[in-house]
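Undergrad: For the sequence shown, the working numbering begins at 65 and goes up steadily by one.
Glycine included, C-beta positions come from ideal geometry on N, C-alpha and C.
Here it is, the structure in full.
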Amino acid sequence: MSTHHHQIRWRNLETEGLELVRVDITPSLIDVTGRVISTADKRDFALDYALELDVDWQLLRADLRLIDGHSLSLRRSDAGHWLNGHEVKMPALDGAVDIDIFATPFTNSLPINRLKLAEGDKAQTEVIYIADLELTPTMVQQNYACTGPQHYDYESLTTGFKTAFDVDENGYVRDYPDLFERL
Numbered sequence: 065m066s067t068h069h070h071q072i073r074w075r076n077l078e079t080e081g082l083e084l085v086r087v088d089i090t091p092s093l094i095d096v097t098g099r100v101i102s103t104a105d106k107r108d109f110a111l112d113y114a115l116e117l118d119v120d121w122q123l124l125r126a127d128l129r130l131i132d133g134h135s136l137s138l139r140r141s142d143a144g145h146w147l148n149g150h151e152v153k154m155p156a157l158d159g160a161v162d163i164d165i166f167a168t169p170f171t172n173s174l175p176i177n178r179l180k181l182a183e184g185d186k187a188q189t190e191v192i193y194i195a196d197l198e199l200t201p202t203m204v205q206q207n208y209a210c211t212g213p214q215h216y217d218y219e220s221l222t223t224g225f226k227t228a229f230d231v232d233e234n235g236y237v238r239d240y241p242d243l244f245e246r247l
């Protein structure tokens, strides 16, 4: 397998925010770096994130940093436990294989590419959810269903939020209704 690079841009339809993501796929790892500039809770923010994934799209490490100084580092140990940036176990996150960051549609690509659902299939996944500018990680459950070629239904079992979106041939969200649009 050779190295592939993808660059993706989205516009936030609610806030006129922008995001740029670079995905580097190598034979041994997938490295993702993204920058979001937007507004949440009536506050402007800039969020840089870096994700390290194994070749099966399982999250190994996540580093998030806001321009105001808030940051979050998470790493999955060899034993499968989640550790914070101080190497302290975070047992409430154990079992999670994906991450969902509120400010980006990119993180939907992790379960889509990892699960490789066939049309008509659905699956539930345990997810580390980052829902706000405090960068507080919580464990949630999400459902993905492949309802057509490159089309998915999504549901958060924790919040009840539902939507549907299309992805491109690489599993990256094209347009996320009412929230994000590919540029």
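Under 6 Å Cβ to Cβ from Arg86, same chain only, skipping five residues before and after it: list those, please.
TA: So the qualifying residues of the chain are Gln71 and Thr97.
Undergrad: For the alpha helix (DSSP H) containing Ser173, list its first residue and its last residue.
TA: Counting along the chain, the alpha helix (DSSP H) containing Ser173 begins and ends at Ser173 to Leu179.
Undergrad: Around the C-beta of Glu83, are 16 or more other C-beta atoms found within 10 angstroms, so that it is buried, or is it exposed?
TA: That one is buried.
Undergrad: Output yes or no for whether 8 Å exceeds the beta carbon distance between Val237 and Asn172.
TA: Yes.
Undergrad: Would you mind reading off the limits of the beta strand (DSSP E) that contains Val191?
TA: Segment Lys186 to Ile194, the beta strand (DSSP E) holding Val191.
Undergrad: Cα separation between Ile194 and Phe225?
TA: Roughly 15 Å between the two C-alpha positions.
Undergrad: Within the continuous beta strand (DSSP E) that includes Asn148, where are the two ends?
TA: Taken as a continuous stretch (DSSP letters only), the beta strand (DSSP E) holding Asn148 covers Trp146 to Asn148.
Undergrad: Quick check on this structure: which residue in Val204, Ala167 and His215 has the alpha carbon closest to the alpha carbon of Leu254?
TA: No statement about residue 254 is possible, as the shown extent of the chain runs from 65 to 247 and does not include it.
Undergrad: Suppose contacts are defined by Cβ-Cβ distances below 8 Å. Is Val161 in contact with Gln122 by that definition?
TA: The answer is yes: Cβ separation under 8 Å.
Undergrad: Tell me which residues share the same chain as Leu89 and place their Cβ nearer than 7 Å to its Cβ, disregarding the 5 neighbours each side in the sequence.
TA: The sequence given here has Ile at residue 89, not Leu. Excluding positions up to five away in sequence, the list reads Thr67 and His68.
Undergrad: Just how far apart, CA to CA, sit Glu78 and Arg140?
TA: Rounded to the nearest angstrom, the two C-alpha atoms are 33 Å apart.
Undergrad: What residue does the beta strand (DSSP E) around Asn76 start on, and which one ends it?
TA: Per DSSP, Asn76 belongs to the beta strand (DSSP E) from His68 to Asn76.
Undergrad: If you count every other CB in all the chains shown that lies within 10 Å of the CB of Val119, and 16 or more means buried, which is it?
TA: By the 10 Å Cβ count, Val119 comes out exposed.
Undergrad: Can you give me the start and stop residues for the beta strand (DSSP E) that Gln206 sits inside?
TA: Where Gln206 is concerned, the enclosing beta strand (DSSP E) stretches over Pro201 to Gly212.
Undergrad: On the DSSP bridge list, what partners appear for Ala182?
TA: BP columns for Ala182 are empty, so no partner.
Undergrad: Would you decide whether Val231 is buried or exposed? Buried here means 16 or more other CB atoms lie within 10 Å of its CB.
TA: With 16 or more other Cβ atoms within 10 Å, it is buried.
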